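**Student:** Have a look at this one.
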Amino acid sequence: MISEKGTANGEVFKHFAPRTVNDLLRSLPLQGRANRANSFIYMTSKLIVGGEKRRTTFSRSEMAFLPLNGSICLFLMESKVERPMNPIGRITSGMEVLDGVTPGDVMEIQELASA
């Protein structure tokens, strides 16, 4: 959820990076300020997880975790990054909301209740 802008939904996949996803899910809800890099937006967290099944190329709508500083990254376009990241999932709806994120917007990541 992006404060005053809308909501995007996503899925995480434990088989992408099991330790990272488990630690992320246990830490929810997370809230912080949005930051913007060239091809992705990110929010820093206090998660400390090492590298796991790391990659440097990502597609639009993929989610990744950057072990270097504990950031959760949401990709807005096809990207090749310098620092390897742990893939954790993908955005399933609301990419238009993420496209409009500006630095300083409040982001909240929470688990949706199962139906």
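Using our numbering, you'd call the opening residue of the sequence shown number 1474 and step up by one each time. Glycine residues also receive a C-beta, built at the ideal position from the N, C-alpha and C atoms. Computed from a predicted structure; not experimentally measured.
(1) Excluding the five sequence neighbours on either side, which residues of its own chain have a C-beta within less than 6 Å of the C-beta of Ala1588, listed in chain order?
(2) Going by other Cβ atoms of all chains shown within 10 Å of its Cβ, with 16 needed for buried, is Pro1540 buried or exposed?
(3) For Thr1493, does the three-state DSSP call read helix, strand or coil?
(4) Check for me: the beta strand (DSSP E) holding Val1485 runs from which residue to which?
(5) Using only the alpha-carbon positions, how far apart do Asp1496 and Lys1487 sit?
(6) Could you check how far apart the C-beta atoms of Ala1481 and Ser1552 are, in whole angstroms? I think they sit under 8 Å.
(7) Where Gly1483 and Gly1562 are concerned, what is the direct C-alpha to C-alpha distance, given to the nearest angstrom?
**Tutor:** On the basis of the coordinates in this document:
(1) Caution is warranted here: a pLDDT of 43 is assigned to Ala1588, below 50, making its placement in the model unreliable, and the coordinate value is therefore given only provisionally. None.
(2) By the neighbour-count rule (16 or more Cβ atoms within 10 Å), Pro1540 is buried.
(3) Looking at Thr1493 - three-state DSSP - the assignment turns out to be helix.
(4) Per DSSP, Val1485 belongs to the beta strand (DSSP E) from Asn1482 to Val1485.
(5) As the crow flies, the alpha-carbon of Asp1496 is around 10 Å from that of Lys1487.
(6) Contact annotation, Ala1481 with Ser1552: C-beta distance approximately 18 Å; criterion of less than 8 Å not satisfied.
(7) The straight-line gap from Cα to Cα measures roughly 7 Å.
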